[in-house]
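Participant:
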Amino acid sequence: MSFCYLFLVAIAFIPETQQVLTENNQKLEWIVGKWRSEFSGKIFWPTVPTMTFGEELVINEAPIAKSANVQFLNFSARAWSHSTKDHFHDEWGFLTVDPTGNATLMTTGNNGFTTYEVGTVSPNKLVLTLKDIGRISFSRDLPVEDLRRTFIRHDDRYMEQVIEMRTATHPKVGYLEHTRVVYTKLK
């Protein structure tokens, strides 16, 4: 068995923490929880066929790291093809809000990317833009040059995530919508 497999299995059995959110992270209280969409996710991109996908998003409290004295929220997303159930990708990371109200999301995925995104949080809305991206040298994807990720909570039960981006070839300026998914909050 590989280390990665054992790591993922171990993480699956970590109980959700019941930590108290720091004052800064209370601005994100509305996004904390387990969110799932079986088939409402849509992928759009000029060079790939439009596809439908499912995704589970888990954002939960984490203890304050004493070494940094900062509380991060654990962030994980797992996506799959709606029609074939093939696994698309996983993202793991950390989300936090600083004392000035700016949010930061750092992710790494099994697609060869790591991202550092910053943005603003307001009631029921979080908008993040790409500040830096890393990638493995043998990734087959076009280089992502810019990205904007928006979370909008519509009500206590539904939340939407939209990812817009720009690669080396599409579009020349601005963003194109890449994915849109509406989640239902699980209890």
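Quick note, the sequence shown lines up with residues -19 to -1, 1 to 168 if you use mature numbering (1 follows the signal peptide of the UniProt record, and there is no 0). Ideal Cβ positions, reconstructed from N, Cα and C, are used throughout, including at glycine.
(1) Measure the Cβ-Cβ separation of residue 145 and residue 158 and say whether it is below 8 Å.
(2) For a test of the three-state rule: what should DSSP assign to residue 9, helix, strand or coil?
(3) Quick one: what's got a C-beta closer than 7 Å to residue 1's C-beta in the same chain, skipping five residues either side?
(4) What number of angstroms, rounded off, separates the C-alpha of residue 77 from the C-alpha of residue 97?
(5) At a cut of 8 Å, does the region 31 to 38 reach the region 89 to 109 through at least three beta carbon pairs?
(6) Under 8 Å, do residue 151 and residue 27 count as touching if we go by C-beta distance?
(7) Closest to residue 58 by CA distance: which of 13, 112 and 65 is it?
(8) Using a Cβ-Cβ cut-off of 7 Å (strictly less than) and excluding sequence neighbours within five positions of residue 135, which residues of its own chain qualify?
Facilitator: Looking at the coordinates:
(1) Counting from 1 along the sequence shown, the entry for residue 145 is found at position 164. Counting from 1 along the sequence shown, the entry for residue 158 is found at position 177. Taking 8 Å as the Cβ cut-off, residue 145 and residue 158 qualify as a contacting pair.
(2) Counting from 1 along the sequence shown, the entry for residue 9 is found at position 28. In this structure, residue 9 counts as helix in the three-state DSSP scheme.
(3) Taking the sequence shown and counting its residues from 1, the one referred to as residue 1 is at position 20. Non-local C-beta neighbours of residue 1 in its own chain, meaning closer than 7 Å and more than five positions away in sequence, are absent.
(4) Locating residue 77 in the sequence shown gives position 96, counting from the first residue. Locating residue 97 in the sequence shown gives position 116, counting from the first residue. Spanning the two alpha carbons is a distance of roughly 12 Å.
(5) They do not touch, by the three-pair rule.
(6) Taking the first residue of the sequence shown as 1, we reach residue 151 at position 170. Taking the first residue of the sequence shown as 1, we reach residue 27 at position 46. A distance below 8 Å separates the beta carbons of residue 151 and residue 27.
(7) Here residue 58 refers to the residue found at position 77 of the sequence shown. Closest in C-alpha terms to residue 58, from the list 13, 112 and 65, comes 13.
(8) The residue labelled residue 135 in the question sits at position 154 within the sequence shown. Result list for residue 135: 141, in chain order.
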